[in-house]
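Heads up: the sequence shown begins at 53 in the working numbering, then just goes up one per residue.
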Amino acid sequence: MTIETTIDAVRAQVKAWKRSGQSVGFVPTMGYLHEGHGSLIEAARRENDKVVVSIFVNPMQFGPSEDLASYPRDLKKDSALCESLGVDLIFHPEPEEMYHPNFSSFVDMTVLTEELCGLSRPVHFRGVCTVVSKLFHIVQPDRAYFGQKDAQQLAVIRHMVEDLNMDLEIVGCPIIREEDGLAKSSRNTYLSPGEREAALVLSRSIALGQKMVEDGEQDAGRVIAAMKEMIEKEPMARIDYVKAVDGRTMQQITAVRRPMLVAIAVYIGSTRLIDNFIWE
Ligand code: PAF
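And the structure:
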């Protein structure tokens, strides 16, 4: 496995692989890798000849009052995990390598980013779309892997790839959870022991909503109300949103229908966590 910090070096390596007819799977990440990322890497490993992982905490997708400065980083541990999972190349650029001083082109998306995280994080998806399209241009993968935990991000990226005729396949992978249900996230590391316990309210409310839908509830409003009621009982939790949206357009819906995404964002103390379920 090699670690490259420059765009030129990644391009040269990928070109050589492609010349010899090898396929490339790509897992874009912001590092501090956990089993969720591990499952994406494993899927990429199974389905491609070569696997590239990018580790880049992308300043453009953080708002001014968000956690860019404190976002956890551990390249040593990340490299060891990548090595053990058979990654061929890690791309770990400095911000200056990705964004030169005159950088002024952006990839922006309308409808799909109007709801959910797009509402509470106004610059987020412009940053995600811009960096992901740059990474796709640099790595030129045949397939790229994204977690279902960031369900809106996955929908936005699929849509961007379709809108802009990008020539690759987007593969979505299921949410990986801790044994007690908490969805794996690099941000779980911010939680104190008390907050870690309180954070279980996210997966519990997701399980409640999912069960109501499976049991035949037709009114999305009732599902959302029951989930909110459960979350509001947890003193350390503050709801950012609890919403049911159309799984394709990300627009709010009132009646349960497929495909439906029920997504939540909840602050536990000052840590914002997300979770969701999909009804397909
Ligand atoms: O999901 C993430 O970690 C990031 O949003 C991504 C896709 C790596 C873009 O910076």
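Glycine residues also receive a C-beta, built at the ideal position from the N, C-alpha and C atoms. Since this is a predicted model, take the numbers as computed values, not measurements.
Identity of the residues DSSP links to residue i by a beta bridge
i, result
"TYR197", "VAL223"
"LYS295", "ALA315"
"ARG239", "Answer is none; ARG239 lacks a bridge partner."
"ARG229", "ALA235"
"ARG290", "TYR319"
Residue i in three-state terms, based on DSSP
i, result
"ASN328", "strand"
"GLU118", "coil"
"THR54", "strand"
"ILE11", "Beyond the ends of the chain as shown, which are 53 and 332, falls residue 11; an answer cannot be given."
"GLN270", "coil"
"ARG310", "coil"
"GLN304", "strand"
"ARG178", "helix"
"ASP63", "Rather than Asp, the amino acid found at residue 63 in this sequence is Arg. Helix at ARG63."
"ARG125", "coil"
"GLN113", "helix"
"GLN192", "coil"
"MET218", "coil"
Boundaries (first-last residue) of the beta strand (DSSP E) holding residue i
i, result
"VAL105", "102 to 107"
Range of the contiguous alpha helix (DSSP H) that encloses residue i
i, result
"LEU141", "Not the alpha helix (DSSP H): LEU141 falls in the beta strand (DSSP E), residues 141 to 143."
"ASP215", "203 to 215"
"ALA250", "245 to 250"
"LYS285", "Premise fails: LYS285 is in no alpha helix (DSSP H) and is neither H nor E."
Buried/exposed call for residue i, threshold 16 Cβ in 10 Å
i, result
"LEU92", "buried"
"PRO80", "buried"
"GLU87", "exposed"
"PHE158", "exposed"
"PRO174", "exposed"
"HIS176", "buried"
"THR306", "exposed"
"ASP202", "buried"
"THR241", "exposed"
"LYS186", "buried"
"LYS295", "buried"
"ALA132", "exposed"
"ARG261", "Here residue 261 turns out to be Gly, not Arg, going by the sequence shown. GLY261 should be labelled buried."
"GLY246", "exposed"
"ARG324", "buried"
"THR182", "buried"
"SER255", "buried"
"PHE198", "buried"
"ASP327", "buried"
"GLY83", "buried"
"ALA196", "buried"
"THR162", "exposed"
Below-8 Å beta-carbon distance, residue i vs any chain C residue
i, result
"CYS225", "Considering every chain present, this structure includes no chain C. It has just one protein chain."
TODO: Would you list, in sequence order, the uninterrupted beta strand (DSSP E) runs of no fewer than 3 residues that lie entirely inside the region 65 to 100?
DONE: 76 to 81
Open item on the list: Runs of 3 residues minimum, wholly inside the region 138 to 174: which ones carry the beta strand (DSSP E) assignment?
Closed with: 141 to 143
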